[in-house]
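Those sequence lines, one after another, are chains S and X. The first sequence stops at residue 231 when you use the numbering used here, and every number in between is there. The second sequence stops at residue 231 when you use the numbering used here, and every number in between is there. Don't be surprised by glycine CBs; every beta carbon is placed ideally from N, CA and C. Down below is the structure, laid out as structure tokens.
There are 2 protein chains.
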Amino acid sequence: MSVPQFQSIQCADCPIRHRAVCARCDSGELEALDAIKYYRSYEAGQPVIWSGDTMNFVGSVVSGIATLTQTMEDGRTQMVGLLLPSDFVGRPGRDGAAYNVIATTDVVMCCFRKKPFEDLMAKTPHIAHRLLEMTLDELDAAREWMLVLGRKTAREKIASLLAIIARRDASLSTDAVTGAVSFDLKLTREAMADYLGLTLETVSRQISALKKAGVIVLEGKRHVTVPDMRRLIEEAGDDSDGGVFV
Amino acid sequence: MSVPQFQSIQCADCPIRHRAVCARCDSGELEALDAIKYYRSYEAGQPVIWSGDTMNFVGSVVSGIATLTQTMEDGRTQMVGLLLPSDFVGRPGRDGAAYNVIATTDVVMCCFRKKPFEDLMAKTPHIAHRLLEMTLDELDAAREWMLVLGRKTAREKIASLLAIIARRDASLSTDAVTGAVSFDLKLTREAMADYLGLTLETVSRQISALKKAGVIVLEGKRHVTVPDMRRLIEEAGDDSDGGVFV
DNA sequence: TGTGAGCTTTGACACAGATCAACCAGAGGC
DNA sequence: GCCTCTGGTTGATCTGTGTCAAAGCTCACA
């Protein structure tokens, strides 16, 4: 694997600092974090960790996409979180993983072994506060998603998912003239279905419907252009279009 | 209002400490917390706070039940959390409330004004760590609930809800001989529907079905006896019957 | 004792989304 | 060129849950 020197979450440069552990790059703990970090990479489809396994590290996604999922005995699965670059994985103070973490694309993670990270956390309140903040963000996102899962129609669910990805995905580009947003959809229809509590057939049908209605434009099956974000957000039925997922 | 002297979450006696802020009752911060606490009471049906309002306190539920809900413009609502005695409300470091908090029964809360609480938190790492722990618990619960909302059938949803309440509700009593568990259901059918992403009619039908199947026994409409918890958990389709909601 | 309000139950019917099945498109591999 | 594999689309049909409507409890209060 090649170690990425630029787009990392370590403290020295924090290019995506708004979600990184070390947002407050102004004290000595940054070098300490820097000193204990290491990188791991995973191929698309590979598990990062299984629910219940002991997890001896925490870390952030540097590049790629991973998913958090829960599964019932009979195979029904629900995605409970989507990890984009700069998102944090791991639960300081807990030993077991609570969910399956699967790399959906090739993924590079910046990791810290648990013990030294927790030691550092005990010494530096900044980090503990930052973790609390990130966990509260995740909680907000999870609860926002409960509304999506519990009360939205299939069409609204798809629009909600596209709106989230459009807001967060780094591969996104915006047309300066028209304001149109476009991005690569890095999830299969099945992964989207698992996120939305639908079947992949329904996902496919609703994407076709949004395309036919002109809310989105597709090039191939995976590249999406949104001519008018407001239109998409309207389809999502979103009052809160707030910043919860930002 | 009468100030409850016994069942409170303040640090002096911590009767329900496993979820309270100050679980580690071994240092001076406890008196400090004790010194700034005050009590508030709310009548059944009364709002504690509306989403978006600024919230100048944090606190724990001492008695009664409150709900966290999100609402769409057209009135569809989803409950995103259930607050039972000892649960914590409020987001240190955030100003606005993210959800509507409504008292479902009469509720007494033990509150701390935000500013002094945050000051205390800055000084005492215990409290910050405890809050992180509690937030991680809530996150786990929210994600577990995402599986319920996204993938379970109506019948499984009802069974899951009853199982959670049976595990957490303080009003619960267990028959020493048969092992049967019984408790008062303090939610209306409509509140259950909002929690489960169903309609109240479906909730009513599925409760009737579980009753007919002998999984539960009803006295009146609100008192539930579960002759065999394993049977209920089986109906919930729960692999994880873990401790997430405990 | 009657009346009304709030909550719950039950029935009949409609429909969104699941299920089952067939087919399509692109990317290797040979 | 052909084969095969994976992921995606579309159609036909089924079904679980929503919707609409009526009626039953239970309790408070006149």
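Next item on the list: Just the C-alpha distance for residue 61(S) and residue 20(X), rounded to the nearest angstrom, thanks.
Entry: 50 Å
Notebook entry, point to check: Does any residue of chain S bring its CB to less than 8 Å from the CB of residue 101(X)?
Noted result: no
Next item on the list: Say whether chain X places a C-beta atom closer than 8 Å to the C-beta of residue 130(S).
Entry: yes
Notebook entry, point to check: With contact counted as at least three CB pairs below 8 Å, one residue from each stretch, are the stretch 138 to 147 of chain S and the stretch 178 to 192 of chain S in contact?
Noted result: yes
Note to self: Using a Cβ distance threshold of 8 Å, determine whether the stretch 124 to 133 of chain S contacts the stretch 124 to 135 of chain X, with at least three qualifying pairs required.
What the structure shows: yes
Next item on the list: State the start and end residues of the unbroken alpha helix (DSSP H) segment that holds residue 123(X).
Entry: 110 to 136
Note to self: Quick check on residue 65(S) - is its C-beta less than 8 Å from some C-beta in chain X?
What the structure shows: yes
Next item on the list: Could you tell me whether the Cβ of residue 118(S) comes closer than 8 Å to any Cβ of chain X?
Entry: yes
Checklist line | Which of helix, strand or coil DSSP assigns to residue 94(S) | finding: strand
Item checked: Cutoff 7 Å; reference residue 42(X); Cβ partners in own chain excluding five residues on either side -> 75, 96, 97, 98 and 99
Next item on the list: State the beta-bridge partners of residue 44(S) as determined by DSSP.
Entry: 74(S) and 96(S)
Margin query: Tell me which residues share the same chain as residue 220(S) and place their Cβ nearer than 6 Å to its Cβ, disregarding the 5 neighbours each side in the sequence.
Written below: 144 and 200
Next item on the list: Could you check the C-alpha separation between residue 162(S) and residue 222(X) for me, to the nearest Å?
Entry: 52 Å
Check: Of all the options 22(S), 172(S), 52(S) and 103(S), which has the alpha carbon lying nearest to the alpha carbon of residue 86(S)?
Finding: 52(S)
Check: Quick one, which residues of the stretch 24 to 54 of chain S are near chain X if we go by CB-CB under 8 Å, in chain order?
Finding: 53
Notebook entry, point to check: Bridge partners of residue 102(S), per DSSP?
Noted result: Answer is none; residue 102(S) lacks a bridge partner.
Checklist line | Cβ neighbours of residue 176(S) in the same chain (closer than 8 Å, five flanking residues each side left out) | finding: 52, 64 and 89
Notebook entry, point to check: What does residue 110(X) touch in chain S if you count any residue whose Cβ is under 8 Å from its own?
Noted result: 107, 110 and 113
Note to self: Taking 8 Å as the threshold (beta carbon to beta carbon), is residue 135(X) in contact with chain S?
What the structure shows: yes
Check: Buried or exposed: which applies to residue 32(S), given that a residue is buried once 16 or more other Cβ atoms fall within 10 Å of its Cβ?
Finding: exposed
Next item on the list: Could you name the residues that DSSP lists as bridge partners for residue 86(X)?
Entry: 34(X) and 53(X)
Next item on the list: Could you tell me if residue 81(X) is buried or exposed, where buried requires 16 or more neighbouring beta carbons within 10 angstroms of its beta carbon?
Entry: exposed
Checklist line | residue 218(S) classed as buried or exposed, judged by whether at least 16 other C-beta atoms fall within 10 angstroms | finding: buried
Checklist line | Contacts that residue 125(S) makes with chain X (C-beta to C-beta distance below 8 Å) | finding: 83
Margin query: With a threshold of 8 Å between beta-carbons, can residue 57(S) be considered close to chain X, or not?
Written below: yes
Next item on the list: Grab the span of the alpha helix (DSSP H) containing residue 69(X) for me, first residue to last.
Entry: Note, residue 69(X): premise wrong, no alpha helix (DSSP H); not H, not E.
Notebook entry, point to check: Using the C-alpha atoms, what's the distance from residue 173(S) back to residue 132(X)?
Noted result: 20 Å
Notebook entry, point to check: Along chain X, in chain order, which residues have C-beta atoms closer than 8 Å to that of residue 199(S)?
Noted result: Within 8 Å Cβ-Cβ: nothing; residue 199(S) doesn't reach chain X, min ~23 Å.
Check: Of the choices 110(S), 104(S) and 58(S), whose alpha-carbon is the least far from that of residue 103(X)?
Finding: 110(S)
Next item on the list: Could you tell me if residue 115(S) is buried or exposed, where buried requires 16 or more neighbouring beta carbons within 10 angstroms of its beta carbon?
Entry: buried
Check: Whose CA, out of 83(X), 209(X) and 167(X), lies closest to the CA of residue 66(X)?
Finding: 83(X)
Check: Can you pull the DSSP bridge partners for residue 202(X)?
Finding: 210(X)
Checklist line | Bridge partners - residue 63(S), DSSP secondary structure assignment | finding: 55(S)
Margin query: By the 9 Å beta-carbon criterion, what residues does the stretch 190 to 217 of chain S contribute toward chain X?
Written below: none
Notebook entry, point to check: Nearest chain X C-beta to residue 79(S) closer than 8 Å, yes or no?
Noted result: yes
Note to self: Taking CB distances under 8 Å as the criterion, tell me whether residue 174(S) reaches chain X.
What the structure shows: no
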